[in-house]
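Residue numbers (this note's numbering), protein chains in the order written: chain A, 1178 to 1291; chain B, 614 to 728.
Note that the Cβ used here is the ideal one computed from N, Cα and C, for glycine as well.
Since the structure is predicted, the reported quantities are computational estimates derived from the model, not experimental observations.
In what follows, a single structure is set out as structure tokens and then discussed.
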Amino acid sequence: ETGVTQSPTHLIKTRGQQVTLRCSSQSGHNTVSWYQQALGQGPQFIFQYYREEENGRGNFPPRFSGLQFPNYSSELNVNALELDDSALYLCASSSPQGPLNEQFFGPGTRLTVL
Amino acid sequence: DQQVKQNSPSLSVQEGRISILNCDYTNSMFDYFLWYKKYPAEGPTFLISISSIKDKNEDGRFTVFLNKSAKHLSLHIVPSQPGDSAVYFCAASLAPGGSQGNLIFGKGTKLSVKP
């Protein structure tokens, strides 16, 4: 059983640029959630995708957008990067039938905005 | 306004002793609570959970206690082992019975277990 994978591991961008982060969900999982973890903070919910549709969103501006593909992998896109977007971005996959304790996290992508 | 609070950024415990990690919350509508453990360069991994209809859940060395009137939960690790050294996150969900929904995390507590 393949776990949740994320790419790239690290990324450095400059303010104003755009970035795309990728997540492959665990086998059998069709729901992907994205979280932002700033330094010294806990993960904050960005949004969730289920069957290629956005299924819930946290308090993040529209320049944070996402996609889910038919194979349930997902992308997080951030436009017009700001310095405060520097963080660890985590994705978590789950099945809609499963409880929250079966939401599995990937290792994250560390984004640095200069 | 932080809905889930972990007021101790760090905790140091001797191997074999009990570790107690605390978490407070403000939203009385939270229905399900979880603890995650996170090692550096890895994603959070699920440790133990508790529904709001219970006051205790035990799994091996790990026990979570929930005090709804005080809006407080705690994680007890007995006995503590050096491999338990990690950052522990408390998380809560509004979704009933732990069904799908987003998680609201605390800032985490870094536990160090010394041999």
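Buried versus exposed, by CB contacts within 10 Å (16 or more), residue i
i                       : result
residue 722 of chain B  : buried
residue 1260 of chain A : exposed
residue 1262 of chain A : buried
residue 668 of chain B  : exposed
residue 1206 of chain A : buried
Short CB-CB distance (under 9 angstroms) between residue i and chain B
i                       : result
residue 1279 of chain A : yes
residue 1282 of chain A : yes
residue 1185 of chain A : no
residue 1225 of chain A : yes
DSSP three-state assignment for residue i, whether helix, strand or coil
i                       : result
residue 1261 of chain A : helix
residue 644 of chain B  : coil
residue 668 of chain B  : coil
residue 1229 of chain A : coil
residue 1252 of chain A : strand
residue 614 of chain B  : coil
is_contact[residue i, chain A] using C-beta, thresh 9 angstroms
i                      : result
residue 721 of chain B : yes
residue 696 of chain B : no
residue 673 of chain B : no
residue 626 of chain B : no
Through-space distance from residue j to residue i, alpha-carbon basis
i                       : j                       : result
residue 654 of chain B  : residue 624 of chain B  : 20 angstroms
residue 1196 of chain A : residue 1183 of chain A : 14 angstroms
residue 1249 of chain A : residue 1198 of chain A : 14 angstroms
Q. Using a beta-carbon distance cut-off of less than 7 angstroms, what residues from the segment 1222-1255 of chain A approach chain B?
A. 1222, 1225, 1233 and 1235
**Q.** Near-chain B residues of the segment 1205-1219 of chain A (beta-carbon distance less than 9 angstroms), N- to C-terminal order
**A.** 1208, 1210, 1212, 1214, 1217, 1218 and 1219
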